[in-house]
Amino acid sequence: MSDVVAARAPGFRPKVAVILGSGLGGFVEEVTPVAEIPYADLPGFPQTTVGGHAGRLVLGHVGPTPVAVLQGRAHYYERGRPDEMKQAIRTLAAVGCETLLQTNAAGSLRLDMTPGSVMAVSDHINFTGVNPLFGETGDSRFVDMVDAYDPALRRRLLEAARRANVRCHEGVYIFFSGPSFETPAEIAAARVLGADAVGMSTVPETVLARQAGMKVVALSLMTNFAAGLVPGALGHDHTIAVASAASGDVRRLLRSFLEECCA
Ligand code: HPA
């Protein structure tokens, strides 16, 4: 798979891999492209089934920074496999990416983080009980998860938010399997556990990237208050609509981060 990348973009060596979450795929317009490769042409890359996820790898530059942007991810809930992103993450590490910048849509567990606001992920809680490294052998499976979200890169993300004039919270992301949304009782439990935002992604990729030696930085876009925080029902259409409406802020923030992060 890394030879496909080498063939389509000879000599190009991305430094930062970017995963674009639900409704945030429009960020690729910020990339000056070198090559675009459909996941279908990349062995082991996921075939995504979720609306709002295009399934394409875009190689190019944001400012001076060479990037590899994954427009869409596979989720655990799609096929019940937590290791769907294993090959993709390993390919990105193999072609030179030192950092993984993740974005996701999430539900807010805090009333001060209103829909449309963003949060830099400081840590995560894996509430699913599954791990993308299940079945692996050898000591490399015992991945350290202290400071899994790189503190220095998170500071740079917060600085980028200030430059972009976007208020950015910091907090803990809790991973639920989905695809059904959480119950109000589950969200009440998650608050007791110390979570600030809830979502159905990101955590497997963080584990895989840390194992591959990449630094990780992650940004959650709140598309709704989590179940039971306020009256009303949840839906994926709403996730996409709010993510799209707030995507301008996210785009400016990510651009600002990528322009400065690797200088
Ligand atoms: N729960 C889980 N995933 C989500 C949510 C939510 O409330 N909003 C967006 N993604």
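Those letters in the sequence shown? Residues 1181 to 1443, per the working numbering, in order.
Each residue gets a CB set at the ideal place from its N, CA and C atoms; glycine is no exception.
| Item | Value |
| --- | --- |
| Compute the beta-carbon to beta-carbon distance between D1429 and V1346, rounded to the nearest angstrom, for a pair I have assumed lies under 8 Å. | 5 Å |
| Can you check DSSP and say which residues form a bridge with T1283? | L1399 |
| Do L1333 and E1350 come within 9 Å of each other at the CB atom, strictly closer than that value? | no |
| Any chance the CB of E1385 is under 8 Å from a heavy atom of the ligand HPA? | no |
| Straight-line CA distance for A1186 to A1197? | 15 Å |
| What span of residues does the alpha helix (DSSP H) with Q1251 cover, start to end? | Taken as a continuous stretch (DSSP letters only), Q1251 belongs to no alpha helix (DSSP H), being part of the beta strand (DSSP E) at T1245 to Q1251. |
| What is the DSSP secondary structure of L1409, counted as helix, strand or coil? | coil |
| Report yes or no: do the stretch 1370–1381 and the stretch 1276–1296 share at least 3 C-beta pairs separated by less than 8 Å? | yes |
| Determine the closest residue to D1319 out of Q1391, R1336 and L1222, with distance taken between C-alpha atoms. | Q1391 |
| Taking buried to mean at least 16 other C-beta atoms within 10 Å of its own C-beta, is F1356 buried or exposed? | buried |
| Does DSSP put R1347 in a helix, a strand or coil? | coil |
| Does the beta carbon of L1414 fall short of 8 Å from some heavy atom of the ligand HPA? | yes |
| In its own chain, which residues sit with a C-beta less than 6 Å from the C-beta of G1315, not counting the 5 before and 5 after it? | none |
| A1406: beta carbon under 8 Å from a heavy atom of the ligand HPA? | yes |
| Output the distance between the C-alpha atoms of M1402 and G1191, rounded to the nearest integer angstrom. | 38 Å |
| Please check the pair A1344 and I1354, which I expect to be a contact at CB under 8 Å, by giving their CB distance rounded to whole angstroms. | Not quite, the Cβ-Cβ distance comes to about 26 Å (not below 8 Å), so this is no contact. |
| Cα separation between A1426 and P1359? | 23 Å |
| Nearer than 8 Å: is that true of the beta carbon of S1202 relative to any heavy atom of the ligand HPA? | yes |
| Can you tell me whether F1207 is buried or exposed? The criterion is at least 16 other CB atoms within 10 Å of its CB, across all chains shown. | buried |
| Verify the contact flag: E1339, CB atom, against every heavy atom of the ligand HPA, threshold strictly below 8 Å. | no |
| Where does V1196 sit, in a helix, a strand or coil, going by DSSP? | strand |
| If you draw a straight line from the C-alpha of R1335 to the C-alpha of D1221, how long is it? | 36 Å |
| Starting from G1276, trace the beta strand (DSSP E) in both directions and tell me its first and last residue. | Neither: G1276 is in no beta strand (DSSP E) and is coded neither H nor E. |
| With a 10 Å radius around its C-beta and 16 neighbouring C-beta atoms as the bar for buried, classify V1396 as buried or exposed. | buried |
| Say yes only if the C-beta of N1284 is nearer than 8 Å to one or more non-hydrogen atoms of the ligand HPA, and no if none qualify. | yes |
| Do you know whose CA, among T1294, F1322 and D1330, lies nearest N1404's CA? | T1294 |
| Taking 9 Å as the cut-off, decide whether the C-beta atoms of T1245 and E1439 are in contact. | yes |
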